[in-house]
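Residues in the sequence shown are numbered from 17 upward in steps of one, following this note's numbering.
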Amino acid sequence: MLTIPVYNTSGEQVGEESIDPADFGGAINKQLLHDVVLMHLANRRVGTVNTRGRSDVAGSTKKMYRQKGTGNARMGAKRTNKRVGGGVAFARRNRDYSYRLPKKAVRLAIRMAVLSKFQDNQAIVLTGLDLGATPKTKEVARVLRSIRRPDLPDTAQPVDGESKRDALRRTLDGRKVLLGTAEHDPSVYKAARNIPGVKVAPVAEFNTYDILRQRYLILTPEALATLKERVKEKVRRRPEVEAAAAAG
């Protein structure tokens with residue numbers, strides 16, 4: 017079992033949550049994560065580049081002058097890529113780079129990406145994040161400044177006389193954070209969208225690329241419960257994983 021620290025908005029650890037790695041695939045397949053990340057990056061490419069080849073530029077295909085007797089280097093049509101105004105050699109065209117991997121592979125990669133955050137101590141649960149009807153960016157920024165980075169060793173403790181910059185280096189301030197909510201929360205989204213490096217998304221919209229790109233994962237208690245339910249609904253354990261889970 018893995019344990020995830022639970023923090024309140026004041027940066028104090030108030031408890032722990034237990035996670036069964038078997039619910040998230042049990043093990044991490046780096047090749048699968050790599051393939052799914054490449055798929056997301058390819059699907060984001062616009063592919064609108066377009067250059068003109070020899071057949072696209074205006075001009076005659078007639079030989080510019082005879083082959084011999086002029087003293088000049090031999091030359092063919094003026095639309096060749098060696099002439100100014102000619103076409104581009106191996107011209108690039110519009111292209112659709114998108115493709116899809118099997119749904120089971122994509123879903124498994126999401127679970128593995130979340131599991132990697134749990135195993136690397138880069139995930140926390142945040143309680144009491146209630147911004148009300150008037151969300152403020154400074155409130156979310158204050159919360160990030162008050163929470164200690166979960167992957168720091170216990171020896172990284174504050175010392176007397178240290179600067180404010182050194183103190184902030186041990187917090188989530190200025191770090192890439194994925195803030196997960198149970199469902200779309202306009203208040204949290206509006207309050208955090210202007211903070212550099214912070215991305216807000218409901219659990220249902222998690223994807224492998226965003227989880228791995230953001231260094232830290234923050235989940236509300238409701239988001240963690242929703243994530244566990246979604247994993248149990250869609251995961252089908254391998255027989256050896258089932259046997260290991262039954263054995264305790």
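Just so you know, even glycine gets a beta-carbon here, dropped at the ideal spot from N, CA and C.
Given the structure is predicted, the values throughout are model-derived calculations rather than measurements.
Between L194 and L233, the beta carbon gap of about 5 Å places them in contact (Cβ cut-off 8 Å). Straight-line measurement puts the Cα of A157 at about 19 Å from the Cα of S179. In the DSSP assignment, P166 falls outside any beta strand (DSSP E), carrying neither H nor E. In the structure shown, I44 falls within a coil segment according to DSSP collapsed to helix, strand and coil.
The beta carbon of T67 sits closer than 7 Å to the beta carbons of V104, A107, R108 from its chain, once the five residues preceding and following it are set aside; these are given in chain order. The region 188 to 262 contains, as complete alpha helix (DSSP H) runs of 4+ residues, the segments 202 to 208, 224 to 229, 237 to 250 (chain order). Excluding residues up to 5 positions away in sequence, D39 lie with their Cβ nearer than 7 Å to the Cβ of K248 in the same chain. The beta-carbon separation of R186 and L168, rounded to 6 Å, stays under the 8 Å limit for a contact.
In this structure, E245 and P218 do not form a Cβ contact; the two beta carbons are roughly 13 Å apart against a cut-off of 8 Å. In the structure shown, E155 adopts helical secondary structure according to DSSP, grouped into three states. Between T197 and T143, the C-beta spacing is not below 8 Å.
Scanning the region 97 to 147 from its first residue to its last, the whole beta strand (DSSP E) runs of 3-plus residues come out as 139 to 142.
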